[in-house]
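Engineer: Everything in the sequence shown is counted per numbering that gives the first Met the number 0, starting at 0 for the first residue and increasing by one. C-beta atoms are modelled at their ideal positions from N, C-alpha and C, and glycine is treated no differently. Provided herewith is a single structure, encoded as structure tokens, for subsequent inquiry.
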Amino acid sequence: MATLTRAEKYELGKALRRQAGRKSHGDWSPSDTRADPLELLQQSDQGRLSHLLPIKYGRMVESPFTFLRGSAMVMAADLAHTPVSSLTTMLCGDAHLSNFGVFASPERNLIFDINDFDEVYPGPWEWDVKRLAASAVVAGRSNNFQDAFNRELAETVARGYQKAMQYFDDHTTLEMWYYHIDAEYVLDLFKDASSKQGQQTAREMFQKARQRTQAQTLDKLTTHQDGRLRIISDPPLLVPFRQNDFDDVFGEVGVRETIESAWQDYLDSLSKEQQFLLSRYRITDGALRVGGIGSVGTRCLIVLLEGQGEEDAIILQLKEAGASVLEPFLPTHAYDTHAERVVTGQTLMQTVSDIFLGWHQSAATQVDYYWRQLKDMKGAVEVEDLDQQGLETYLELCSWTLARAHARTGDAAKTMGYIGKNDKFAGAIAKFAMAYADQTEQDHEQLEKAVKSGKIAAEKGI
0 MATLTRAEKY
10 ELGKALRRQA
20 GRKSHGDWSP
30 SDTRADPLEL
40 LQQSDQGRLS
50 HLLPIKYGRM
60 VESPFTFLRG
70 SAMVMAADLA
80 HTPVSSLTTM
90 LCGDAHLSNF
100 GVFASPERNL
110 IFDINDFDEV
120 YPGPWEWDVK
130 RLAASAVVAG
140 RSNNFQDAFN
150 RELAETVARG
160 YQKAMQYFDD
170 HTTLEMWYYH
180 IDAEYVLDLF
190 KDASSKQGQQ
200 TAREMFQKAR
210 QRTQAQTLDK
220 LTTHQDGRLR
230 IISDPPLLVP
240 FRQNDFDDVF
250 GEVGVRETIE
260 SAWQDYLDSL
270 SKEQQFLLSR
280 YRITDGALRV
290 GGIGSVGTRC
300 LIVLLEGQGE
310 EDAIILQLKE
320 AGASVLEPFL
330 PTHAYDTHAE
340 RVVTGQTLMQ
350 TVSDIFLGWH
360 QSAATQVDYY
370 WRQLKDMKGA
380 VEVEDLDQQG
390 LETYLELCSW
400 TLARAHARTG
410 DAAKTMGYIG
420 KNDKFAGAIA
430 KFAMAYADQT
440 EQDHEQLEKA
450 VKSGKIAAEK
460 GI
């Protein structure tokens, strides 16, 4: 079967400018029929654990940046009305700058990559770029940077993506597939391009990640009770199974039966190698755990596994996987379960993934869950600690990472043909990001008013 050359694919991508000019990506203004953002958020709350939702809104109302982090559904609805080139790739679906970070590879090396795939779905590559660029501007404003510089941050995202996509187009498929960003690369990048403050923030990210081992996690989240290792109680953020029937999580079947069934189904999703490894462990305890801003209210569980005694224990996380926020606005793709979609998308987009990444669907409730290790040498930059140079360097890192993920699942040559080599696309993305940051601030203000009036319940500081 004949395949197109890079040059031929480049020309095909270039021809797509006729249906969506590069400058058109800068256009953004809410239409008269724009859905109410708070109504969209509350629609996405359907099926979540209602007693936890005030925590979600308490976190989102803190700032425009935390609002943006928790409102992927709102931005997806807005992006659905923006121009696209028609080139598709696997999207993160929630590519704001705090959804990048470091974690350990199976070889225990620290890798920088995208780390959140709840919304992963095939779609227009521009959507991820626009969300990352908009988050850059909102974060810059949260750090009290001037808008002239914040616009430069958005341009950094677009130019970094453009430069990286050109790099991957210039290399072979295998070279692109093996490409990864490790700790040495990140630290060297910050050393060459950032301030001392930025360098220190990057070093701290890796130092904290190296400390977040399974041993540290066990020490933090477990205690001895009646001579046995047990998960601690820290309500409402962490509630052990032994303290609640959790009918809204497990249905009428009960905790023990549900977890035992889930364990077997999860093992079936793994390779023979991982099945053999986990056959040495048994589940001894579990708890309901509150997740990050956008995940609050979804069913998030942790289970304690013990092998050859307490010193040989690990904690795995089970996280509910619902429909991607992108699905209502894109063509349907066939996945057996939402959790399988998350796992498939993650393994395609990441250079390496957690060896325990798997999934199951609850027979009792029909809720999908994906499984992974909890806090296995994971770390992230504290965005508020970055100065201007530090944030600019970090965004260049994120844009390269995003481009690599898109090159793996899309077509670098066609994408480069569309973007081209000048600054038209970067300028348009910056224009969009500034306008959408304004929109985010207005939406956040609307949430503030709703919380103040009592229309939406919010528990702050949790």
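Considering only the alpha carbon of each residue, which of A133, Y160, G122 lies closest to A150?
Structural biologist: Reading off the sequence shown, one finds Arg at residue 150, where the question assumed Ala. Comparing alpha carbon positions, the residue from A133, Y160, G122 closest to R150 is A133.
Engineer: Ordered along the chain, which non-local residues of its own chain (more than five positions away) have a Cβ less than 6 Å from that of M164?
Structural biologist: A402, A411, T414, M415
Engineer: Between L236 and I301, which are expected to be in contact by the criterion C-beta below 8 Å, what is the C-beta distance as a whole number of angstroms?
Structural biologist: Rounded, the Cβ-Cβ distance is 11 Å, inconsistent with contact.
Engineer: Please name the residue in L356, S398, K454 whose C-alpha comes closest to that of Y166.
Structural biologist: Of L356, S398, K454, the residue nearest in Cα terms is S398.
Engineer: Short check: CB of Q198 to CB of F189, under 9 Å?
Structural biologist: yes
Engineer: Please state the DSSP three-state secondary structure of Q91.
Structural biologist: Note on identity: in this sequence residue 91 is Cys, with Gln being the wrong assignment. In the structure shown, C91 sits in coil (DSSP, three-state: anything other than H, G, I, E or B).
Engineer: Just to confirm my understanding: we take V324, look at its own chain, exclude 5 residues before and 5 after, and list those with CB closer than 6 Å. What are they?
Structural biologist: If we look at V324 and ignore the five residues flanking it on each side, its Cβ neighbours are A71, M72, A75, E118.
Engineer: Could you name the residues that DSSP lists as bridge partners for R281?
Structural biologist: E305
Engineer: DSSP puts E319 in a beta bridge; with which residues?
Structural biologist: Paired residue(s): Y368.
Engineer: For the stretch 204-228, which segments carrying the beta strand (DSSP E) assignment without a break, of at least 3 residues, lie completely within its bounds, in sequence order?
Structural biologist: 221-224
Engineer: In the DSSP assignment, the beta strand (DSSP E) including V295 goes from what residue to what residue?
Structural biologist: First-last for V295: undefined, no H or E at that position.
Engineer: Would you call L3 buried or exposed, if buried means 16 or more other Cβ atoms sit within 10 Å of its Cβ?
Structural biologist: exposed
Engineer: By DSSP's criteria, G357 is part of a beta bridge. Which residues make up the other side?
Structural biologist: W370
Engineer: Check whether the Cβ atoms of Y177 and T408 lie closer than 9 Å to each other.
Structural biologist: Judged by beta-carbon spacing, T408 lies beyond the 9 Å limit of Y177, meaning their Cβ atoms are not closer than that value.
Engineer: Counting C-beta neighbours from all protein chains within 10 Å, is the total for D244 16 or more, i.e. buried, or is it exposed?
Structural biologist: It counts as exposed.
Engineer: Tell me, which residues are paired with I230 by DSSP?
Structural biologist: T221
Engineer: Assign D181 to one of three DSSP states: helix, strand, or coil.
Structural biologist: strand
Engineer: Do F240 and A363 count as a contact pair if the criterion is CB distance below 9 Å?
Structural biologist: The Cβ atoms of A363 and F240 do not sit closer than 9 Å to each other.
Engineer: May I ask which residues mark the beginning and end of the alpha helix (DSSP H) holding P239?
Structural biologist: Residue range 237-239 is occupied by the beta strand (DSSP E) that includes P239, with no alpha helix (DSSP H) assigned at that position.
Engineer: Which of the three DSSP states, helix, strand or coil, is assigned to P63?
Structural biologist: Three-state result, P63: helix.
Engineer: Relative to the C-alpha of A322, which candidate in H405, R47, A19 has its C-alpha closest?
Structural biologist: R47
Engineer: In the DSSP assignment, find the alpha helix (DSSP H) that holds F249 and state where it starts and stops.
Structural biologist: Annotation: the continuous alpha helix (DSSP H) that includes F249 extends over 246-249.
Engineer: Helix, strand or coil for V380? Go by DSSP, reduced to three states.
Structural biologist: coil
Engineer: Along the chain, where does the alpha helix (DSSP H) that runs through L78 open and close?
Structural biologist: 71-78
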